[in-house]
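Numbering (the working numbering), first residue to last: 447 to 609. Ideal placement from N, C-alpha and C gives every residue a C-beta, glycine not left out.
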């Protein structure tokens, strides 16, 4: 199995409007956090959706989400979102995510950054909130059907296999 070349670590502050009347983050909001982290990671390694569409006429479209909600998050919590590619083959890509609560000033968030695969395992001082995986399909925009992910794209996300 190929290892991720990089992943993305980014932080968000939970806002009032993202919470339900019981005070915790609405589950659907996490999906937005995850998708944005994936989009930001792709752009950070040189493959924003506009470039994919311009060069290949195709973009990544979420096909399936699997989300385990482990603990609730509340207004002003700072959540660290980590995402990395696990697999890319054919027209399919699998991306993993972890969402952790961290202790930091909610008004002074750490900047988003690319991280090597070895940095993506999380830290001992954070609390795991959500674990998730998304299956993405690489879809031809004109015809709406899946197309093979180009090797040049895959190589920017995953390291070459080693024997």
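Which residues bound the beta strand (DSSP E) around residue 453?
Taken as a continuous stretch (DSSP letters only), the beta strand (DSSP E) holding residue 453 covers 453-459.
Provide the residue span of the alpha helix (DSSP H) that contains residue 597, from first to last.
Element bounds for residue 597: 597-603.
Does the segment 479-493 come within contact of the segment 549-556, defined as at least 3 CB pairs closer than 8 angstroms?
These segments do not touch.
Helix, strand or coil, according to DSSP, for residue 475 in the structure here?
Of the three classes helix, strand and coil, the one that applies to residue 475 here is helix, per DSSP.
Near residue 486, which residues of its chain fall below 8 angstroms by C-beta distance, leaving aside the five closest residues on each side in sequence?
Result list for residue 486: 454, 456 and 558, in chain order.
Which whole-angstrom value describes the C-beta separation of residue 452 and residue 560, a residue pair presumed to lie in contact below a C-beta threshold of 8 angstroms?
Contact flag correct, Cβ pair sits at about 4 angstroms.
If you measure between the beta carbons of residue 587 and residue 503, is that distance less than 8 angstroms?
Yes, they are a contact pair.
Mind checking which residues open and close the beta strand (DSSP E) that includes residue 525?
524-535 is the span of the beta strand (DSSP E), which, as asked, contains residue 525.
Under a Cβ-count criterion, where at least 16 other Cβ atoms within 10 Å of its own Cβ denotes burial, should residue 516 be classed as buried or exposed?
Residue 516 comes out exposed.
For residue 480, which of helix, strand or coil comes out of DSSP?
Note: residue 480 maps to helix in three-state DSSP.
Could I get the ranges of all uninterrupted beta strand (DSSP E) runs contained in the segment 478-518, with 3 residues as the minimum, in chain order?
Segments of the beta strand (DSSP E) lying fully in the segment 478-518: 504-515.
Looking only at its chain, what residues have a beta carbon closer than 8 angstroms to the beta carbon of residue 477, apart from the 5 residues adjacent to it on each side?
Contacts found: 511 and 513.
Would you identify the three-state DSSP class for residue 544, choosing helix, strand or coil?
Residue state, collapsed to three classes: strand.
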